[in-house]
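Take a look at the structure set out below.
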Amino acid sequence: MSPPMPPLNQLFLQFTAATLSAPQENGRYQVIVKAASIYQGGTFVTLLDYRGGNWQLPAGYCPLQILAWKKDT
Numbered sequence: 387m388s389p390p391m392p393p394l395n396q397l398f399l400q401f402t403a404a405t406l407s408a409p410q411e412n413g414r415y416q417v418i419v420k421a422a423s424i425y426q427g428g429t430f431v432t433l434l435d436y437r438g439g440n441w442q443l444p445a446g447y448c449p450l451q452i453l454a455w456k457k458d459t
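Residue numbers (the numbering used here): 387 to 459.
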């Protein structure tokens, strides 16, 4: 069993704020996002690909606001 995830406010300190910069290279990133959906709205961590200067949202995702990111290791 994996250890519990720390609260988002602590986890955020390990990420780069999206308002400061975007990734400089394509790849897979852990991102903290805020969902726009009224039914599943909220803030959570997920994996997204970054390609050609854009975040690649999987089919079926509601609009997301990227709050912070870090390279997936």
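Where a beta carbon is used, it is the ideal one built from N, C-alpha and C, also for glycine.
Just so it is clear, the structure is predicted and the values come from calculations on it, not from any experiment.
Measure the C-alpha to C-alpha separation of residue i and residue j and round it to an integer number of angstroms.
i, j, result
"R408", "N440", "Arg is not the amino acid found at residue 408; the sequence shown has Ala there. The alpha-carbon atoms of A408 and N440 are separated by roughly 9 Å."
"I430", "S423", "The sequence given here places Phe at residue 430; Ile does not occur at that position. Cα to Cα, F430 sits roughly 13 Å from S423."
"R437", "N412", "5 Å"
"Y447", "A421", "9 Å"
"D435", "K457", "10 Å"
"T459", "M391", "16 Å"
How close, in whole Å, do the beta carbons of residue i and residue j come, if the pair is a contact with beta carbons under 8 Å?
i, j, result
"D401", "W455", "The sequence shown places Phe at residue 401, not Asp. Yes, F401 and W455 are in contact; Cβ-Cβ is about 6 Å, under 8 Å."
Based on the DSSP output, what are the partners of residue i in its beta bridges?
i, result
"T402", "W455"
"A421", "G428, L450"
Look at the Cβ atom of residue i, then the Cβ atom of residue j, and state whether they are nearer than 8 Å.
i, j, result
"L394", "I418", "yes"
"Q416", "L433", "yes"
"L453", "A404", "yes"
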